[in-house]
Each structure stands twice: as structure tokens, then as C-alpha cells.
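One point on numbering: in full-length UniProt numbering, the residue at position 11 of the sequence shown is 11, and numbering is uninterrupted. Working notes, beginning with the structure itself.
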Amino acid sequence: METMFLNGNIDKRKKITTQEMYDNLTERASQGEIEESDIPKVVTIQNWIANYTRTFKASASLRALELAETLRNT
Numbered sequence: 001m002e003t004m005f006l007n008g009n010i011d012k013r014k015k016i017t018t019q020e021m022y023d024n025l026t027e028r029a030s031q032g033e034i035e036e037s038d039i040p041k042v043v044t045i046q047n048w049i050a051n052y053t054r055t056f057k058a059s060a061s062l063r064a065l066e067l068a069e070t071l072r073n074t
């Protein structure tokens with residue numbers, strides 16, 4: 001899920017909906033790449049995206065702040 005999310009962040013044309021992410025995981029399960037029991041429900045994927053987005057933004061902000069402080073101190 002993380003790879004699908006990050007691809008959508010990098011290239012907005014690759015951004016997919018929660019349902020598309022679920023369908024992609026289901027397809028991977030049918031091809032034997034992952035276990036069907038490992039596929040979360042759509043609502044769980046929605047919650048994961050919300051939490052991951054919040055964490056990702058906070059992490060990116062912290063990195064940007066650290067870089068700005070480093071540049072300011074050099």
C-alpha cells in the first residue's frame with residue numbers, strides 16, 4: 001500500500017482511490033503475490049491512508065525544518 005500511495009504522491013496521474021488500491025491488492029492475491037487474508041477492508045485502507053498522510057506530512061516538515069536550521073547555522 002505504501003508504494004501505491006507514494007507513487008500517487010510523486011505523480012498525480014498515478015494517484016488511485018481507496019477502491020482501486022483494494023482492487024489492486026485483490027488482483028495481487030489472485031496472482032499469488034500476497035495472501036488474500038492479508039488484504040485489509042476498504043475502510044481500513046481509508047484509515048491507513050489518513051494516518052500515513054498525517055505521519056508523512058509531519059515527517060517531511062521535520063526534515064525541512066532540520067535542513068533549514070542546518071543551512072542557517074552554516
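A virtual CB, placed ideally from N, CA and C, is assigned to each residue, including glycine. Because the structure is a prediction, the values reported are computed rather than measured.
Distance, residue j Cα to residue i Cα
i, j, result
"Q31", "L62", "39 Å"
"M51", "V42", "In the sequence as presented, Met is not what sits at residue 51; that position holds Asn. Their backbone Cα atoms lie some 14 Å apart in a straight line."
"E27", "G8", "19 Å"
"E66", "N47", "29 Å"
"Y22", "L71", "42 Å"
"P40", "L6", "18 Å"
Residue i burial status per 10 Å Cβ neighbour count (16 or more: buried)
i, result
"I45", "buried"
"L25", "buried"
Residue i, DSSP secondary structure in three states
i, result
"N73", "coil"
Continuous alpha helix (DSSP H) stretch holding residue i: start and end
i, result
"Q19", "T18 to S30"
"I34", "Run containing I34: none; DSSP gives neither H nor E here."
"M4", "E2 to I10"
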